[in-house]
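Using this note's numbering, the letters of the sequence shown map in sequence onto residues 6 to 88. Ideal placement from N, C-alpha and C gives every residue a C-beta, glycine not left out.
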Amino acid sequence: MAIYVENQGRHGRAFLFSHAMNIVVGPKEDRNLTTGLHTVADISCADCQEVLGWKYERAYEVSQKYKEGKFIFEKSKIVQENW
């Protein structure tokens with residue numbers, strides 16, 4: 006379940022999730038985002054290796070601490086399939 010839907014990703018709208026499955030977390034790096042400086046790690050699909058978004062490892066702004074340990078998924082990378 007998305008916790009917060011008004012996020013901006015690299016390619017438009019993005020969703021913040023508390024949990025993620027079937028992903029690979031890449032190396033950490035500091036990135037200056039619209040909400041300030043964060044330490045993040047790109048997340049990729051464990052199957053196809055497509056970058057789907059990133060994981061917030063650290064937020065430097067106190068107001069952004071709620072994002073730590075959570076995942077951003079780009080809306081443009083989410084595909085609905087019939088399961």
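Name the DSSP bridge partner or partners of residue 37? 42
With a Cβ-Cβ cutoff of 7 Å, do residue 61 and residue 45 count as a contact? yes
Quick check: the Cα distance between residue 53 and residue 70, rounded to an integer number of angstroms? 31 Å
What span of residues does the beta strand (DSSP E) with residue 56 cover, start to end? 56 to 64
Skipping 5 residues on each side, what residues in its chain have a beta carbon closer than 7 Å to that of residue 59? 45, 46, 47, 48, 77
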